[in-house]
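Chemist:
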Amino acid sequence: MKSEKWNQIDWLTNARELVNWIQERSSDDRIMLFLRHSHREVIKDHSEQFNTGLTDLGKNMAYEMGTRLPTNFPTKIWFSFVPRCYETAEEISQAIEERGGKIIEKDNLPILVAPEFNDEAVWENLQPDGKNVHEFVNKWAEGEFGNMIQNFDEYREILLGDTLERLKKEETPMFHIHVTHDLAIMALKRILVDEPLTSQDREPFLGGIGITIKIDGLEQFISKRI
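Per this note's numbering: the sequence shown ends with 513, consecutive numbering throughout.
1) From this set, Pro402, Ile464 and Gly448, which residue's C-alpha is nearest Asn434's C-alpha?
2) Give me, in chain order, the residues of the same chain whose beta-carbon lies closer than 8 Å to that of Gln310; leave out the 5 immediate sequence neighbours on both sides.
3) Just to confirm, is the Cβ distance from Phe360 to Met473 under 8 Å?
4) With distances taken from CA atoms, which of Leu299, Trp293, Gln295 and Leu305 is nearest Phe508?
5) Rank Asn395, Thr362 and Phe368 by C-alpha distance to the C-alpha of Ser380 and give the top, closest one.
6) Would you kindly report the start and end of the unbroken alpha helix (DSSP H) that includes Gly497?
7) Should Arg386 be labelled buried (16 or more other beta-carbon atoms within 10 Å of its own) or exposed?
8) For the structure I just gave you, are there three or more beta carbon pairs, one from the region 487-498 and one from the region 321-328, closer than 8 Å?
9) Who does His421 pair with in a DSSP beta bridge?
10) What does the alpha-carbon distance come out to for the pair Glu506 and Leu447?
11) From the DSSP output, in three-state form, read off Lys393 for me.
12) Are the region 382-398 and the region 482-492 touching, with three or more C-beta to C-beta distances below 8 Å?
13) Got a sec? Which residues, its chain only, sit under 7 Å from Arg312 by beta carbon, not counting five neighbours each side?
14) What's the C-alpha gap between Asp503 and Ser325?
15) Could you give the distance in angstroms between the alpha-carbon of Thr339 and the alpha-carbon of Arg327?
16) Excluding sequence positions up to five away, which residues of its chain have a Cβ less than 7 Å from the Cβ of Ile445?
17) Residues in its own chain within less than 6 Å of Phe439 by CB, not counting five upstream and five downstream?
18) If you scan the region 311-385 from start to end, which runs of the beta strand (DSSP E) of 3 or more residues do you find wholly inside it?
19) Is it buried or exposed for Ile391, if we count other Cβ within 10 angstroms and need 16 for buried?
20) Do you know how far the Cα of Val480 is from the Cα of Ile513?
21) If I follow the unbroken alpha helix (DSSP H) through Leu475, where does it start and stop?
Here's what the structure looks like:
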């Protein structure tokens, strides 16, 4: 039985819209879901970034999302190794498999964790809870951090190569899910819309970006930028 909380929690608005968009795709499509992890414990300091996991609510809602994702496509899931992303991927995959879906690949992907950096001081520009992540990505894309962090164009090539380009190589209908952090999602948004981001672009938990590869090109879902 599906939980009523799925339709009641405010921060799931984007997740609900994303699920509705996916459910309208054709069975002949190749679909990519670039997803922020579910509801996590509060992060008060950068030292907690790599070990913070999901709350019980976060696990439950990740599972709920999985009960609403398609099962008629072979599915591949990649995730950041950070607990909150891994746990989100586990809950989603369990829900898909329990409904008869087939997960044919599931693995961690380094580019979904964070860009490479040469100076830890660069993270002083990003609040631990990520509220200013849009400002961070804008400054990064515009080269304001210099060699403190991986060049944005270089990151762009790797990110697209490991996600969108991987989907393009599929020769049959397929469903790719990438579970990551809001930094990577904001970076992908900046790449796709090719303009500075605002605070409204930050995805809430389980929000994300959807992309479908069709014969005549790409079709994408970006909340508030459809």
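For glycine and all other residues, C-beta sits at the position ideal for the given N, C-alpha and C.
Modeler: Taking the structure as given:
1) Looking up residue 434 in the sequence shown gives position 147. The option with the nearest alpha carbon to Asn434 is Pro402.
2) In the sequence shown, counting from the first residue as 1, residue 310 sits at position 23. Once the five neighbours on either side are set aside, the close Cβ partners of Gln310 are Arg355 and Pro357.
3) As a first step, residue 360 is located in the sequence shown; it is residue number 73 there, counting from the start. As a first step, residue 473 is located in the sequence shown; it is residue number 186 there, counting from the start. Not closer than 8 Å, so no.
4) Here residue 508 is taken as the residue at index 221 of the sequence shown, counted from 1. Comparing Cα positions, the closest option is Leu305.
5) Counting from 1 along the sequence shown, the entry for residue 380 is found at position 93. Among Asn395, Thr362 and Phe368, the Cα nearest to that of Ser380 belongs to Thr362.
6) Here the question's residue 497 lines up with position 210 in the sequence shown. Here Gly497 belongs to no alpha helix (DSSP H); instead the beta strand (DSSP E) covers Gly495 to Lys501.
7) To locate residue 386, count along the sequence shown from 1; it is residue 99. So Arg386 counts as exposed.
8) yes
9) In the sequence shown, counting from the first residue as 1, residue 421 sits at position 134. For His421, which the question treats as bridged, DSSP gives no partner whatsoever.
10) Against the sequence shown, residue 506 aligns to sequence position 219. Against the sequence shown, residue 447 aligns to sequence position 160. Glu506 and Leu447: Cα-Cα distance of roughly 15 Å.
11) Taking the sequence shown and counting its residues from 1, the one referred to as residue 393 is at position 106. Of the three classes helix, strand and coil, the one that applies to Lys393 here is strand, per DSSP.
12) no
13) Locating residue 312 in the sequence shown gives position 25, where the first residue counts as 1. Answer for Arg312: Ile318 and Thr499, listed in chain order.
14) Taking the first residue of the sequence shown as position 1, residue 503 is located at position 216. Taking the first residue of the sequence shown as position 1, residue 325 is located at position 38. Cα-Cα distance, rounded: 33 Å.
15) Residue mapping note: residue 339 aligns to position 52 of the sequence shown, counting from 1. Residue mapping note: residue 327 aligns to position 40 of the sequence shown, counting from 1. Distance between the alpha carbons of Thr339 and Arg327 is about 7 Å.
16) Taking the first residue of the sequence shown as position 1, residue 445 is located at position 158. Here the set comprises Ile398.
17) On the sequence shown, residue 439 is found 152 positions in, with the first residue counted as 1. Result list for Phe439: Trp427 and Ala428, in chain order.
18) 317-323 and 362-366
19) Translated into positions along the sequence shown, residue 391 becomes position 104. Under this definition Ile391 is an exposed residue.
20) Translated into positions along the sequence shown, residue 513 becomes position 226. Translated into positions along the sequence shown, residue 480 becomes position 193. Residue confidence for Ile513 is low, a pLDDT of 49 falling below 50, so the modelled location carries little weight and cannot support an answer.
21) Here residue 475 corresponds to residue number 188 of the sequence shown, with the count starting at 1. It spans Asp469 to Val480 - the alpha helix (DSSP H) in which Leu475 sits, taken as one unbroken run.
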